[in-house]
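Asker: Okay, handing you the structure first.
Protein chains: 2
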Amino acid sequence: MKPASPYSGLLTDLYELTMAAGYLEAGFEGQATFELFARSLPKRRNFLVAAGLQQCLEYLEHIQFSAEEIGYLRGHRAFAGIGDAFFEYLACFRFSGDVWAVPEGTICFPDEPLLRITAPIIEAQIIETYLLSNISFQTLIASKAARATIAAQGRSVMEFGTRRAHGPESGVLAARAAFIGGCRGTSNVAAGYRFGIPTFGTQAHSWIMAHEDEEDAFRRFLDIFPNDSVLLLDTYEVHAAMEKIIAMRRKPRGVRLDSGDLAGDSQRIRRRLDEVGWNDVQIFASGDLDEDRIESLVAAGAKIDAFGVGSALSTSLDAPALGVIYKLVEVESGGTVRNSAKFSAAKITYPGRKQVFRRLDSRGCFVEDIIALEDERIAGALPLLEPVVRAGARLAPADSLADAQARCMDQVAGLPAELRRLAPAPAYPVQHSDRLEDLLDEVRRRVEKTARA
Amino acid sequence: MKPASPYSGLLTDLYELTMAAGYLEAGFEGQATFELFARSLPKRRNFLVAAGLQQCLEYLEHIQFSAEEIGYLRGHRAFAGIGDAFFEYLACFRFSGDVWAVPEGTICFPDEPLLRITAPIIEAQIIETYLLSNISFQTLIASKAARATIAAQGRSVMEFGTRRAHGPESGVLAARAAFIGGCRGTSNVAAGYRFGIPTFGTQAHSWIMAHEDEEDAFRRFLDIFPNDSVLLLDTYEVHAAMEKIIAMRRKPRGVRLDSGDLAGDSQRIRRRLDEVGWNDVQIFASGDLDEDRIESLVAAGAKIDAFGVGSALSTSLDAPALGVIYKLVEVESGGTVRNSAKFSAAKITYPGRKQVFRRLDSRGCFVEDIIALEDERIAGALPLLEPVVRAGARLAPADSLADAQARCMDQVAGLPAELRRLAPAPAYPVQHSDRLEDLLDEVRRRVEKTARA
C-alpha cells in the first residue's frame, strides 16, 4: 500500500501533468490567469454559498511531488521522451502564484469567479483538478445546508450524513461545508477535531437492540450520561417507549424520532413531555430528511427542535454535481499579454481578469451583481474577490468557520425573498460591465480570424 | 491545522463513541455480529457491484486514536462524567474481530450482506460509520461504471470525473471503484500511483487557448508527445481543426470531441481519417456523457473508440446515495447468545449470522440467490461471503483490482439479459431460507413481548 499524502501533486488529471511537461519543454514561461466559476445553477438552487477555499489554500501551501511519485511518472508511458528537466522541475515544485477569492460563506451566482489564479501556466494547470473538486463539492454542500437552514426557520439543523458521504474524507468536508451553510453542528467527530465544529449524537437502534429490554437500555444510558442523553424512541413503538422513560422519572436531555409520522408523533410526544413538566426536553427528528421535508414538517406544526439531516445533505442528493469550470482568461506569451475566451458550442466564457461587484440597498438587501474587469470601479458596489495569496504566500490567516457561517447567514437574510424560497425563482440579476462586453467582442473577432486561418 | 490521519478512530459519528463509552462502563463485553447490506436498489439500478472492501480492511488494520485525539474527546461535553478507563481503552484500541465479506467485483442485491463483522460490540460500533461510507460510495460507483461499460458494448470507458468528485480523495476512490466496474482506466494520477490503475489523458482547451494559433498548439504537442498525442478538436471548430492536423501530415494517436453532435461529428471525422489512411487514429468523446448517452451514441452508429465519463460516473449522478445499513443481528450478553432484528415502521431486518448462496445454471448464468443462516448448506449453490479477517488479522493479501474487474465482468455476463439493460427490470429472485424465516418469527415473538412489557 502506497502512502497517500493529502498534498500530493498527483491529485490531478493526467493531462494537467502532460500539458505541464509540454509547457516546460516549449519554454512557456509567461503568467496565465485562470478563473474558477459555476457555469449554471442546479435546477433547484437559487443561489450558491462559496465554500472550500481553506482546503485549496492549504494544498497550494503544501503541494509537493515525492521522489517515489516522480519515479512513478518517469515510468509512465505518457512521459516517454520527456527529458529530465521536467522531473527535476517537479521535485522542486511549489506554487508561486497569486490567488484572489471570494471569502467562504459568500453567496454567489453563475459566471461569478470564486477564485482567480495568476501564476506561471504550468503551475496554474497542475492545481486545476484539486481546486475544482474541492470548491465544487463544498460549495454544493454549503448551498444545500443553507436551504435546509432556511426551511427550519430558526430550529437547529445538524449534519448527520457521514455514513452516506462519498467516502470518509468526503464526510469530513461535508460536515465543514454544512456548518458554513448554517448547520449548528455535525455528528462527524473528525470534523469536530479538525475544524472545531460542534459535534452532536444521540443513540443508535443497536444500543436498544443490544439490551434484552428497552427500558434497561434507556436506564443504563441515563446512568452513564445523566446530563446528555438523547434517547431513541422508535426501535419498537414510539409512544410506549416514551411512557417507559416517563415512568422511570429520569429526565433525558432529549428524545429522537427516526421514522413514522414525525409531525403527529412529535406533537403527541411534546404534549406528554409538557404534561409531566419536562418542557425543556428537546425533540430531535431524523430519517430521510431534506429541506422539503423540513419545510412540510414546520408547516404541519411539528414540534421538532432539531433536525438531523443525512444523505440528502452530505451528498447534495438532488444536485450531486456542480458545473464548476476553470478557464484561461489571460495569458502572457512572447512578452505580450493576450486575453482569452472560448466560444465553441454556445459555451462562451468571458476574457480578462475579473472582479465581482455587488450592489446592496440601504438595508443591506441584494440589488444586483456586476462582473467587471479587475481594474474597474463600480460606484456604490462592493468588490467580492479579495487577495488571499501573493507570490505563493498566504496574506492572512484563514477566516474562522464561525465567521464564514455568520457571513452566509447575514447574506441569506439580504437575499430577495423569492430566492430564499425552496422553489426555483427567476435568476438574480448578474450583469457584465460594458468594458467586459467590449473586450469579449474584441477577443471574438481575433479568435474568429485565427480559427478561419 | 490538525493533521488528518486516514486511519483516525475519529472518522466516525459521535454516537458511536458515546455508545462505546456506554458499553465499556456497563461492562458489555460480549461479541456482537453486525451485517452491512443495501436496503434497496436505487431506481435505475438492476444490480450492485460490491466495492470498497480493501479500504475497509486497511482501516481495520491501522485504526488508532492519537493522544491528541483522545485529549480532544476528554474535553468534549458528551464525555463529561466518563472515567479514565474509556480513554485508556481508546489509547490501546485495535480491531480484534472477525470479518466475512463478498469479494470486490461481486454482483449483489438488496438484503444480501456485503460484510459481516463479529467483534466485541464496542469495536463493531466504532467502525460502523467508516465501513458504511466506504462501501456505499465505492459500490455506487462500481455499479454505475458497470452500466456504462455495458452500454459501450466493448468500446473503452474511461473515468474522467475527479474534478466533479466529492473532494479530491473521493475522486481517487471513484477512479478505483470505476475500474472494478469495468472502466479501462482513469484520468486520476493518484489512483494510478496508489492502485496501479491505467491512467489516460488528452489535452485541455487551455492548451489550445494558450497558443496564439490552434495549428501551432497542435504542432507543438505533436513535437513533444510524438507517440501519445490525443488532440482536442472542439476549441473553435471541429472540422477545421481536423483539416489543420491532416494538412500537417503528422498523425496523432487520437483526437477528442468534447461538445457538439458527437454522433455526426465522429462519423465525419472517422471518414476523413480513413480517407487519409489514418485508420488507426482513435476517436475519443467526452462532455456530459453517461450510460444513456453512450447507449444512444452506439445505437446512432457513432464512430467513437473510447468514452470519457466525468461527473455522471464520479458522483453516480442519477443515484448519488445508496441506502446501505449496518445492523445488529446477534449479540452475546450475560453468557447467552441472542439473535436480533428490527421491526419498526415496516423496516424489517433479519436476525442471525447469514451467508448468501448463489445458484447458477450449467452455463454460469444466474438463477437465484438464497440468503440463509451461516451454518446452512444449500446444495448446488455457491456461498458468496468469505472469511477475510480473523481475530483482527488479514487472512490473505488483497485481491488485485484486475481480478476484481474480471470477476465483475464475468458475473455481468452471467446476469439475466433484462438485468443487463439500462431500463429498470423486475427484481432478481432473492429468497430467504426457511430456517431464516423461522428465526425471524421467533425473534419477532420475543421482541413483541419485550416491547409490550
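Top line first, the protein sequences correspond to chains A and B.
Count along the first sequence starting at 1, add 7, and that's the number in the working numbering.
Count along the second sequence starting at 1, add 7, and that's the number in the working numbering.
Every residue gets a Cβ at the ideal spot worked out from N, C-alpha and C, and that includes glycine.
Using alpha carbons as the reference points, say which of B:Leu139, B:Thr40, B:Gly82 lies closest to serine 103 (chain B).
Answerer: That would be B:Thr40, whose Cα lies nearest to the Cα of serine 103 (chain B).
Asker: From the DSSP output, read off the bridge partner residues of cysteine 115 (chain B).
Answerer: BP columns for cysteine 115 (chain B) point to B:Leu55.
Asker: Any idea which residues DSSP pairs threonine 40 (chain B) with across the strands?
Answerer: DSSP, once it has assigned bridges, lists B:Thr125, B:Glu337 as partnering threonine 40 (chain B).
Asker: May I ask you to check if the CB of histidine 212 (chain B) is nearer than 7 Å to at least one heavy atom of the ligand COA?
Answerer: Judged by which ligands are present, the structure shown has none, so any question about the ligand COA falls away.
Asker: What residues in its chain sit with their C-beta under 6 Å from that of serine 236 (chain A), if we drop five residues either side in the sequence?
Answerer: The answer, listed in chain order, is Phe228, Leu229, Pro259, Arg260.
Asker: Which partner residues of alanine 473 (chain B) appear in the DSSP bridge assignment?
Answerer: Any question about residue 473 (chain B) goes unanswered here, given that chain B covers just 8 to 460.
Asker: Measure the C-alpha to C-alpha separation of tyrosine 333 (chain A) and valine 288 (chain A) and round it to an integer number of angstroms.
Answerer: Distance between the alpha carbons of tyrosine 333 (chain A) and valine 288 (chain A): 49 Å.
Asker: Mind checking if glutamine 274 (chain B) is an interface residue toward chain A, Cβ cutoff 8 Å exclusive?
Answerer: Chain A contact via Cβ: absent.
Asker: Which value, in whole angstroms, describes the spacing of the CA atoms of alanine 430 (chain A) and aspartate 417 (chain A)?
Answerer: Approximately 21 Å between the Cα atoms of the pair.
Asker: Under 8 Å between C-beta atoms, does histidine 212 (chain B) make it to chain A?
Answerer: Yes - at least one Cβ of chain A is within 8 Å of the one on histidine 212 (chain B).
Asker: So within the region 135 to 187 of chain B, which uninterrupted alpha helix (DSSP H) runs reach at least 4 residues, ignoring any that extend past its ends?
Answerer: Listed in chain order, they are 135 to 158, 175 to 187.
Asker: Which residues bound the beta strand (DSSP E) around glutamate 381 (chain B)?
Answerer: No beta strand (DSSP E) holds glutamate 381 (chain B); DSSP gives it neither H nor E.
Asker: Can you list, in chain order, the residues of the region 238 to 262 of chain A whose Cβ is nearer than 8 Å to any Cβ on chain B?
Answerer: Within the region 238 to 262 of chain A, the residues whose Cβ lies closer than 8 Å to some Cβ of chain B are Asp241, Thr242, Tyr243, Glu244, Ala247, listed in chain order.
Asker: Reducing DSSP to helix, strand and coil, say where phenylalanine 373 (chain A) ends up.
Answerer: In this structure, phenylalanine 373 (chain A) counts as strand in the three-state DSSP scheme.
Asker: Buried or exposed: where does serine 347 (chain B) fall if 16 or more other Cβ atoms within 10 Å of its Cβ makes it buried?
Answerer: Answer is buried; the Cβ neighbour count reaches 16.
Asker: Given 8 Å as the limit, is there contact between the region 365 to 383 of chain B and the region 137 to 149 of chain B, that is, 3 or more CB pairs closer than that?
Answerer: As far as the Cβ criterion goes, the region 365 to 383 of chain B does not touch the region 137 to 149 of chain B, which means the pair count is below three.
Asker: Taking the alpha carbon of leucine 392 (chain B) as the point to measure from, which residue in B:Leu48, B:Arg451, B:Asp105 has its own alpha carbon closest?
Answerer: Among B:Leu48, B:Arg451, B:Asp105, the Cα nearest to that of leucine 392 (chain B) is on B:Asp105.
Asker: Between glycine 178 (chain A) and chain B, is any beta-carbon pair separated by less than 8 Å?
Answerer: Yes, glycine 178 (chain A) lies at the interface with chain B (some Cβ there is under 8 Å from its Cβ).
Asker: Are three or more beta carbon pairs between the region 77 to 95 of chain B and the region 108 to 125 of chain B nearer than 8 Å?
Answerer: Contact between the region 77 to 95 of chain B and the region 108 to 125 of chain B is absent, because fewer than three Cβ pairs lie under 8 Å.
Asker: What are the start and end residues of the beta strand (DSSP E) that includes tryptophan 107 (chain A)?
Answerer: From DSSP, the beta strand (DSSP E) with tryptophan 107 (chain A) extends over 105 to 108.
Asker: For a contact defined as C-beta to C-beta under 7 Å, what are the partners of proline 175 (chain A) on chain B?
Answerer: Going along chain B in sequence order, the residues near proline 175 (chain A) (Cβ under 7 Å) are Leu18, Tyr137, Ser140, Asn141.
Asker: Counting contacts by CB-CB distance shorter than 8 Å, is asparagine 346 (chain A) in contact with chain B?
Answerer: Not one chain B Cβ lies under 8 Å of asparagine 346 (chain A).
Asker: If we call anything under 8 Å between Cβ atoms a contact, is alanine 326 (chain B) one with arginine 52 (chain B)?
Answerer: Cβ atoms of alanine 326 (chain B) and arginine 52 (chain B): closer than 8 Å.
Asker: Taking buried to mean at least 16 other C-beta atoms within 10 Å of its own C-beta, is alanine 158 (chain A) buried or exposed?
Answerer: Alanine 158 (chain A) comes out buried.
Asker: Can you list the residues of chain A that proline 461 (chain B) reaches, using a CB-CB cut of under 8 Å?
Answerer: The first residue shown for chain B is 8 and the last is 460, placing residue 461 (chain B) beyond what the model contains.
Asker: In the DSSP assignment, the alpha helix (DSSP H) including glutamate 221 (chain A) goes from what residue to what residue?
Answerer: Counting along the chain, the alpha helix (DSSP H) containing glutamate 221 (chain A) begins and ends at 221 to 231.
Asker: Determine contact between the region 174 to 182 of chain B and the region 404 to 414 of chain B, defined as no fewer than three beta-carbon pairs at a distance below 8 Å.
Answerer: No contact exists between the region 174 to 182 of chain B and the region 404 to 414 of chain B.
Asker: For phenylalanine 364 (chain B), which of helix, strand or coil comes out of DSSP?
Answerer: Here phenylalanine 364 (chain B) sits in strand by DSSP.
Asker: Do you know how far the Cα of threonine 242 (chain A) is from the Cα of glutamine 210 (chain A)?
Answerer: Taking the straight line from one Cα to the other gives about 11 Å.
Asker: Sort out for me which residues DSSP pairs alanine 388 (chain B) with in a bridge.
Answerer: In DSSP, alanine 388 (chain B) forms a bridge with B:Arg366.
Asker: Report yes or no: do the region 210 to 220 of chain B and the region 439 to 450 of chain B share at least 3 C-beta pairs separated by less than 8 Å?
Answerer: Counting Cβ pairs under 8 Å, fewer than three are found: no touch.
Asker: Is glutamine 132 (chain A) close to chain B? Criterion is C-beta to C-beta, closer than 8 Å.
Answerer: Yes, glutamine 132 (chain A) counts as interfacial toward chain B.
Asker: Looking at C-alpha atoms only, which residue of B:Thr322, B:Ala420, B:Lys151 is the closest neighbour of arginine 370 (chain B)?
Answerer: Comparing Cα positions, the closest option is B:Ala420.
Asker: Can you tell me whether aspartate 299 (chain B) is helix, strand or coil according to DSSP?
Answerer: Helix.
Asker: So with Cβ pairs under 8 Å, would you call asparagine 195 (chain B) a contact of chain A?
Answerer: Cβ-Cβ to chain A under 8 Å: yes for asparagine 195 (chain B).
Asker: Identify which residue in B:Leu48, B:Ala434, B:Arg84 has its Cα closest to the Cα of leucine 147 (chain B).
Answerer: Nearest C-alpha to leucine 147 (chain B): B:Leu48.
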